[in-house]
Amino acid sequence: MLAVQVSKSTLLRYSNASATCIAPVRSALSTRQCVCRSTMLPSTSAAVSRHFMSSMTVERPAEEKHFALILGKPGGGKGTISGKILKDFPQFHHVSSGDLLRSHVRDGTNLGVKAKQYMESGKLVPDNLMIDLVMEEATPHLDNGKSLLLDGFPRTVTQAQALEKEVHVDMVINLDIPTETIVERIADRWIHEPSGRIYSYSYKPPKVHGKDDVTGEPLVQRKDDQPETVRARLQQYDDVTSPLVDYYEGNGVLKTFRGTKSDVIYPEVRAWLEETFLEQ
1 MLAVQVSKST LLRYSNASAT CIAPVRSALS TRQCVCRSTM LPSTSAAVSR
51 HFMSSMTVER PAEEKHFALI LGKPGGGKGT ISGKILKDFP QFHHVSSGDL
101 LRSHVRDGTN LGVKAKQYME SGKLVPDNLM IDLVMEEATP HLDNGKSLLL
151 DGFPRTVTQA QALEKEVHVD MVINLDIPTE TIVERIADRW IHEPSGRIYS
201 YSYKPPKVHG KDDVTGEPLV QRKDDQPETV RARLQQYDDV TSPLVDYYEG
251 NGVLKTFRGT KSDVIYPEVR AWLEETFLEQ
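Residue numbers for the sequence shown follow full-length UniProt numbering, beginning at 1 and rising by one.
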């Protein structure tokens with residue numbers, strides 16, 4: 001903690017030309033925390049001293065920004081864990097690449113029109129287009145001092161390396177949930193398609209059966225949520241994403257959390273995030 005003393009000469013200069021004295025004194029202030037105290041002066045200078053101190057603005061550094069990813073199998077609780085993170089760590093802005101892509105396609109944006117052409121022809125949306133979508137959404141929030149929590153992208157090491165050219169990923173949460181647990185979850189899963197909100201009748205049911213909590217619109221079940229289809233998707237995820245986990249683990253930024261219930265896993269995630277933020 002730094003105490004700044006203000007001399008008579010400083011106060012006299014302030015009384016004659018305030019702009020002359022404020023800058024030199026500010027430059028001596030600690031950027032984290034400071035206490036300003038004037039020297040004992042005659043009573044005739046007290047008013048000037050009080051006015052001088054009240055006019056000073058102590059600038060504090062912006063909180064360090066993080067670009068975090070959350071990885072995990074489809075149906076592995078990424079949305080639930082992300083929601084809990086946003087509640088406890090409001091400095092994060094959440095970006096779901098899947099929701100973002102659907103939103104751009106639905107709204108007919110320039111990026112959405114380009115993406116739709118690939119999707120309608122049965123092709124994967126190119127990595128550079130996905131990165132453009134993500135960065136267009138992320139950049140304003142980063143510029144405003146927010147941290148980012150990205151879900152759904154990247155999915156391959158090639159995508160991760162391309163993303164790293166745009167922004168440094170410094171935190172990766174990897175949710176490792178048993179396959180059969182996810183199969184059971186997905187078979188019980190219903191969604192609100194326009195928003196992407198997900199419900200489960202076993203652990204997160206809607207307030208009204210078959211209706212979205214926010215809009216009251218009907219929920220639907222995806223055709224590809226059948227058990228055998230789900231198992232095939234999960235195996236494909238493991239085959240594609242395992243190298244990505246190794247990549248971020250090698251970068252020293254990944255932490256894996258194992259379990260079957262989000263309420264049990266999340267306290268460990270929260271403790272890790274708290275520790276990470278305290279270390280900054």
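Heads up, the beta-carbon is just placed ideally off N, CA and C, and yes, glycines get one too.
This structure is a prediction, so every number in the text was calculated from the model and none was measured.
Taking the alpha carbon of residue i as the point to measure from, which residue in the options has its own alpha carbon closest?
i, options, result
"glutamate 249", "Leu234, Leu71, Leu133 and Lys146", "Leu71"
"aspartate 143", "Phe257, Lys261, Glu64 and Gly252", "Glu64"
"valine 240", "Thr179, Glu275 and Val157", "Val157"
"asparagine 128", "Gln91, Pro154, Leu150 and Pro178", "Pro154"
"isoleucine 254", "Thr260, Asp246 and Lys261", "With the sequence shown as reference, residue 254 is identified as leucine, and isoleucine is not the correct amino acid for it. Nearest option by C-alpha distance: Asp246."
"threonine 139", "Tyr199, Val214, Gly152 and Phe92", "Phe92"
"glutamine 226", "Thr260, Glu180 and Val214", "Glu180"
"threonine 276", "Gly122, Met171, Lys114 and Lys116", "Met171"
"asparagine 251", "Arg222, His168 and Pro206", "His168"
"aspartate 99", "Asp212, Val113, Ala187 and Leu133", "Leu133"
"alanine 232", "Gly216, Pro74, Ala68 and His66", "Pro74"
"glycine 216", "Ser195, Lys165 and Gly145", "Ser195"
"methionine 135", "Lys165, Tyr237, Ala187 and Lys223", "Lys165"
"histidine 94", "Lys223, Phe67 and Tyr266", "Phe67"
"arginine 222", "Gln235, Ile186, His209 and Glu228", "Ile186"
"histidine 209", "Thr229, Gly77 and Asp188", "Asp188"
"histidine 104", "Leu244, Lys87 and Glu137", "Glu137"
Using the rule of at least 16 other Cβ atoms within 10 Å of the residue's Cβ for burial, across every protein chain shown, is residue i buried or exposed?
i, result
"leucine 278", "exposed"
"alanine 160", "buried"
"serine 242", "exposed"
"threonine 80", "buried"
"alanine 271", "exposed"
"valine 264", "exposed"
"proline 202", "For the sequence presented, residue 202 should be read as serine rather than proline. With fewer than 16 Cβ atoms within 10 Å of its Cβ, serine 202 is classed as exposed."
"arginine 106", "exposed"
"leucine 101", "buried"
"arginine 37", "No answer about arginine 37 holds up, because its pLDDT of 39 lies below 50 and its placement is not dependable."
"glycine 145", "exposed"
"valine 113", "exposed"
"leucine 234", "buried"
"serine 121", "exposed"
"leucine 124", "exposed"
"tyrosine 266", "buried"
"lysine 87", "exposed"
Over the uninterrupted alpha helix (DSSP H) stretch that includes residue i, give me the two end residues.
i, result
"tyrosine 201", "No alpha helix (DSSP H) holds tyrosine 201; DSSP gives it neither H nor E."
"leucine 163", "157-164"
"isoleucine 265", "262-279"
"serine 242", "227-250"
Given a cut-off of 8 Å, decide if residue j and residue i are closer than it, judged by their beta-carbon atoms.
i, j, result
"residue 282", "valine 269", "As shown, the chain starts at 1 and ends at 280. That puts residue 282 outside it, with no answer to give."
"phenylalanine 89", "leucine 175", "no"
"isoleucine 198", "isoleucine 191", "yes"
"leucine 163", "isoleucine 85", "no"
"glutamate 193", "valine 220", "yes"
"residue 364", "serine 82", "Examination of residue 364 is not possible in this model, given that the chain is present from 1 through 280 alone."
"isoleucine 177", "threonine 260", "yes"
"aspartate 213", "lysine 204", "no"
What residue range does the beta strand (DSSP E) around residue i cover?
i, result
"isoleucine 191", "189-192"
"phenylalanine 257", "254-258"
"leucine 175", "171-176"
Report yes if the C-beta of residue i is less than 7 Å from at least one heavy atom of the ligand HEM; otherwise report no.
i, result
"aspartate 143", "Looking for the ligand HEM in the displayed structure turns up nothing, as the structure carries no ligands at all."
Minimum length 4: unbroken alpha helix (DSSP H) runs contained in the region 62-146: 78-88, 97-107, 110-120 and 127-143
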